Amino acid sequence: MGRPAMVKKLRSERVFDTSVNLGLIVVIIAAVLPLAVVLSASVTPYAELLRNGGYSLIPKAFTLDGYRAVVSDSRLQQGFIVSSFITIVGTAISMIASVLFAYPLSQPRLPGRRGFLFFAILTTLFNAGIIPTFLIVQATGLLDTVWAMIFPTAISVFNVLILKTFFEGMPSELLEAARVDGLGEWRILLKIVMPLSLPVLMTIGLFYGVGQWNTFMTAVLYVRDQSLQPLQVVLRDLLTEVSSDAPIEAGAVVPTVTYRMAAVVLTALPMIVVYPFIQKYFRHGMLLGAVKG
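Residue numbering for the sequence shown follows this note's numbering, starting at 22 and increasing by one per position.
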């Protein structure tokens, strides 16, 4: 390859890299800017918003009245407790069920493996619908209980297929050597498969956790008891009730915009706090985990 061709290739690669970087910068701005506006509006007094003619990215005045009103509301406190229970218990149940479903499907020796896999995939194509599902939940006695928001959506076939594919990629020699040493399938799953699958387990756990924290429709359909409503439903009810000239339960007059934005920030905060602690596992591959033992 001559020098002119090499220079042309380097130039085209530089243009491509620059285009990709500019595209990423645009995506980052599009993702971060709305979050920054919401955070800014949640701490900006309503009079300041009116003076600026709308939302301001950098507030000139500062207030925590919206956060005080949200935190002091007893309904939001109860909703936070319910959502925390659903997220922790529901994610644990979903992870256990998904692993116990995905691991056997990843084993070629499982009798009827193709049939189980077929019916699992079939559920992603056809849904029974809202009314049949409601009748099933009613018949099982789950209505007006927290379990009605956990069991109907406990297993995601998409997540099961991700786990199954990951399990299938493990070295078969490693599992066969464990079987030769006398380990049963339960011990293989707990002692070998699970430690090596930590990255994908944390990823799927995050998917389940975010889904459980954002529980809304199942609560609307299956739960009428106000004390069992999760945070998202309580937040929806409060935002439809609040007005700019009506005092919130905290005892202060809090404008609608400030209150809404503060509620949005506090609702999203737990997932934002948890994510950085889970993200570090995404970078670790299966082979790295096997070398470190």
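The C-beta atom is built at its ideal place from N, Cα and C for all residues, glycine as well. Bear in mind that the values here come from a model prediction, so they are computed numbers and not experimental data.
With the cut-off set at 8 Å, would you say S104 and P251 are in Cβ contact?
Mapped onto the sequence shown, residue 104 falls at position 83. Mapped onto the sequence shown, residue 251 falls at position 230. Taking 8 Å as the Cβ cut-off, S104 and P251 qualify as a contacting pair.
CB contact flag (A90, Y280, <8 Å)
For the purposes of this step, residue 90 is taken as the residue at position 69 of the sequence shown. For the purposes of this step, residue 280 is taken as the residue at position 259 of the sequence shown. Yes, these two residues count as a Cβ contact at 8 Å.
Quick check: what's the CA-CA separation for L31 versus P297?
As a first step, residue 31 must be located in the sequence shown, where it is residue number 10. As a first step, residue 297 must be located in the sequence shown, where it is residue number 276. The alpha-carbon atoms of L31 and P297 are separated by roughly 36 Å.
Anticipated Cβ contact below 8 Å, I151 with Q233, distance rounded
Position 130 of the sequence shown holds residue 151. Position 212 of the sequence shown holds residue 233. The Cβ separation is near 20 Å, so there is no contact.
Output yes or no for whether 8 Å exceeds the beta carbon distance between V167 and L256.
Locating residue 167 in the sequence shown gives position 146, counting from the first residue. Locating residue 256 in the sequence shown gives position 235, counting from the first residue. Against a cut-off of 8 Å, the Cβ pair of L256 and V167 comes out as no contact.
Buried or exposed, going by whether 16 or more other CB atoms sit within 10 Å of the CB of P220?
As a working mapping, residue 220 is identified with position 199 in the sequence shown. By the neighbour-count rule (16 or more Cβ atoms within 10 Å), P220 is buried.
Taking all protein chains shown into account, do 16 or more other C-beta atoms lie within 10 angstroms of the C-beta of D165, making it buried, or fewer, making it exposed?
By 1-based counting over the sequence shown, the position of residue 165 is 144. Answer is exposed; the Cβ neighbour count stays below 16.
Cβ-based burial, A198 [other Cβ within 10 Å; buried from 16]:
Taking the first residue of the sequence shown as position 1, residue 198 is located at position 177. So A198 counts as exposed.
Contact check, Q188 vs S127, beta carbons under 8 Å
Counted from its first residue, the sequence shown places residue 188 at position 167. Counted from its first residue, the sequence shown places residue 127 at position 106. At residue 188 the sequence reads Phe, which differs from the Gln that was named. Yes. Within cutoff.
Evaluate contact between the stretch 91-99 and the stretch 111-125, counting only Cβ atoms and requiring at least three cross-stretch pairs below 8 Å.
no
On the three-state DSSP scale, how would you describe I176?
Position 155 of the sequence shown, counting from 1, holds the residue named residue 176. If DSSP states are grouped into helix, strand and coil, I176 belongs with coil.
G111 classed as buried or exposed, judged by whether at least 16 other C-beta atoms fall within 10 angstroms
The count along the sequence shown starts at 1 and reaches residue 111 at position 90. It counts as buried.
Does I176 pass the burial test, meaning 16 or more other C-beta atoms within 10 Å, or should it be called exposed?
Taking the first residue of the sequence shown as 1, we reach residue 176 at position 155. Buried is the call here.
Should S218 go down as buried or exposed, given a rule of 16 or more other Cβ atoms within 10 Å for buried?
The count along the sequence shown starts at 1 and reaches residue 218 at position 197. Looking at its Cβ environment, which holds 16 or more other Cβ atoms inside 10 Å, S218 is buried.
Is the beta carbon of R257 within less than 7 Å of some heavy atom of the ligand COA?
Absent from the structure shown: the ligand COA. Ligands present: none.
Coil, strand or helix - T161 by DSSP:
In the sequence shown, residue 161 corresponds to position 140, counting from 1. Coil at T161, not helix or strand.
How would you call K81, buried or exposed, if buried means at least 16 neighbouring beta carbons within 10 angstroms?
By one-based count along the sequence shown, residue 81 stands at place 60. Under this definition K81 is an exposed residue.
Give the DSSP-derived three-state secondary structure of T154 in the structure shown.
Here residue 154 corresponds to residue number 133 of the sequence shown, with the count starting at 1. Correct three-state label for T154: helix.
Leaving out the 5 sequence neighbours to the left and right, which residues in its chain are closer than 6 Å to A271 when beta-carbon positions are compared?
On the sequence shown, position 250 is the one that residue 271 refers to. At A271, the pLDDT of 40 sits below 50, so the modelled position is not reliable; the number obtained from the coordinates is stated separately. The answer, listed in chain order, is R89, A90, S93.
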